[in-house]
């Protein structure tokens, strides 16, 4: 099968490019696709839209393996799926509307809350004169509303004082003018539940992260972007949960994926309180696929190789979009990837 891999490559070691890929990540994905005997075109997607359309069409893909985060605006992740939908080219992952909603943290939480999924109470600030409503109780988590990869989240993002939280909102609006979210911080454990639609279990084993250096046990941008993040984060996979805790976490995650209609693969991030109640923090419809990512860690614990996870994602996308070529693309010699 001809597969075009779309992505945005990191060019600077800067928080503003925190969602982009490094070359090692691209190389690992390319290697997996080639191991599956696909014909691969690598398409770095940071370019004007008209040129991007031409590059996609010229690559003549049977399927686009889309991991492009986009570069500008709060709907940036929806750009590639919008183009591909218009061109009627099949692709992995969520449609434009899901990726647009998914990057809006507060809108996602409101949709989930209306469907019975427990989420923290919060509010989005778009101007500096807004105040935190009385019904929101400290401590507060103050973070950008339209960012991923823990961008804008730091150890001091947890604030006990209302006035100090409002001051932090004003500061963050300078860098993130499209919106800053203030929500009630949920103390407890950091749990992630990966989702793989083509796997028989669909929900993979839950993963727990503990951050010994964090007073609040949060995964900050500094932690994620450290030269050796594994030295900062302790990973427990599968998470050490009681039967009741596991049932709670899995039910909340399953409901969230169902409400959001997440296709192919995804990740639900939760906080688990001491009393055993889980709160959905985020649904990520395009989670990372690095070998150390929660999805890959969980898959490995369940006996799956990296390349098998990639194959599951491709097969799910093919079945969902009625592509019949998934069992007819084998070649005697492994093809080489093309770069555009």
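Residue numbers (the numbering used here): 4 to 343. Yeah, the Cβ is synthetic: ideal placement off N, Cα and C, and Gly gets one too.
Contacts around residue 263, its chain only, beta-carbon distance under 6 Å, and the 5 residues preceding and following it disregarded: Beyond the five residues adjoining it in sequence on each side, residue 263 comes within less than 6 Å, by CB distance, of 286 in the same chain, given in chain order.
Where residue 144 sits in the DSSP three-state scheme: In the three-state DSSP reduction, residue 144 falls in the strand class (E or B).
Contact under 8 Å by Cβ, residue 245 with residue 97: Not in contact: residue 245 and residue 97 (Cβ atoms no closer than 8 Å).
The segment 117-129 / the segment 172-191 touching (three or more Cβ pairs under 8 Å): Yes, the segment 117-129 touches the segment 172-191.
Status (buried if at least 16 other CB within 10 Å, exposed otherwise) for residue 247: Residue environment analysis places residue 247 among the exposed positions, since fewer than 16 neighbouring C-beta atoms fall within 10 angstroms of its C-beta.
Sufficient close CB pairs (3 or more, under 8 Å) joining the segment 189-201 to the segment 267-274: Touching, yes.
Buried or exposed (CB count within 10 angstroms, at least 16 for buried), residue 336: Residue confidence for residue 336 is low, a pLDDT of 44 falling below 50, so the modelled location carries little weight and cannot support an answer.
Status (buried if at least 16 other CB within 10 Å, exposed otherwise) for residue 333: Caution is warranted here: a pLDDT of 40 is assigned to residue 333, below 50, making its placement in the model unreliable, and no coordinate value can be reported.
At least three beta-carbon pairs within less than 8 Å, the segment 293-312 to the segment 139-151: Segments in contact, no.
Ranges of the alpha helix (DSSP H) found wholly within the segment 245-318, counting only runs of at least 4: Complete alpha helix (DSSP H) runs here, min 4: 246-263, 297-304.
Cα-Cα separation, residue 9 to residue 320: Taking the straight line joining both Cα atoms gives about 15 Å.
Cα-Cα separation between residue 147 and residue 178, rounded to whole angstroms: Looking at the two C-alpha atoms, the distance is approximately 9 Å.
Sequence-distant residues of its chain with Cβ nearer than 8 Å to residue 36 (five each side left out): Cβ within range, chain order: 6, 8, 43, 68, 313, 340.
8 Å Cβ cutoff met for residue 74 and residue 49: Cβ distance < 8 Å, so residue 74 and residue 49 count as in contact.
Helix, strand or coil at residue 188 [DSSP, three-state]: Residue 188 sits in coil when the DSSP states are folded into three classes, being neither helix nor strand.
Uninterrupted beta strand (DSSP E) stretches inside the segment 37-81 (no shorter than 3 residues): Runs of the beta strand (DSSP E) inside the segment 37-81: 42-47, 66-69.
Residue closest to residue 45, alpha-carbon to alpha-carbon, out of 58, 117, 53: The shortest C-alpha separation from residue 45 is found at 58.
Own chain residues within Cβ distance below 6 Å of residue 310, not counting five before or after: For residue 310, where only same-chain residues beyond five positions count, the Cβ hits under 6 Å are 35, 38.
Alpha helix (DSSP H) runs wholly inside the segment 146-223, at least 4 long, in chain order: As summarised for the segment 146-223, the continuous alpha helix (DSSP H) elements at least 4 residues long and confined to that stretch are 165-178, given in chain order.
Nearest candidate by alpha-carbon position, reference residue 121, set 306, 254, 317, 305: For the residues 306, 254, 317, 305, the minimum Cα distance to residue 121 belongs to 254.
Pairwise C-alpha distance: residue 134 and residue 193: Spanning the two alpha carbons is a distance of roughly 28 Å.
Where the alpha helix (DSSP H) containing residue 104 begins and where it ends: For residue 104, the uninterrupted alpha helix (DSSP H) run begins and ends at 99-105, by DSSP.
Close-in-space but distant-in-sequence residues of the same chain around residue 24 (CB under 7 Å, 5 per side omitted): Answer for residue 24: 10, 11, 12, 13, listed in chain order.
Beta carbon of residue 238 nearer than 8 Å to that of residue 210: It is a contact, given that the beta carbons lie within the stated cut-off.
Buried versus exposed, by CB contacts within 10 Å (16 or more), residue 316: Residue environment: residue 316 is assigned as buried (16 or more neighbouring CB atoms within 10 Å of its CB, all protein chains considered).
Which listed residue (117, 56, 30) has its alpha carbon closest to that of residue 283: The option with the nearest alpha carbon to residue 283 is 117.
Among 66, 291, 32, nearest to residue 4 - alpha-carbon criterion: Among 66, 291, 32, the Cα nearest to that of residue 4 belongs to 66.
Whole-angstrom distance between residue 131 and residue 172, CA atom to CA atom: Rounded to whole angstroms, the gap between the alpha carbons of residue 172 and residue 131 is 7 Å.
Contact check, residue 80 vs residue 106, beta carbons under 8 Å: Contact: yes.
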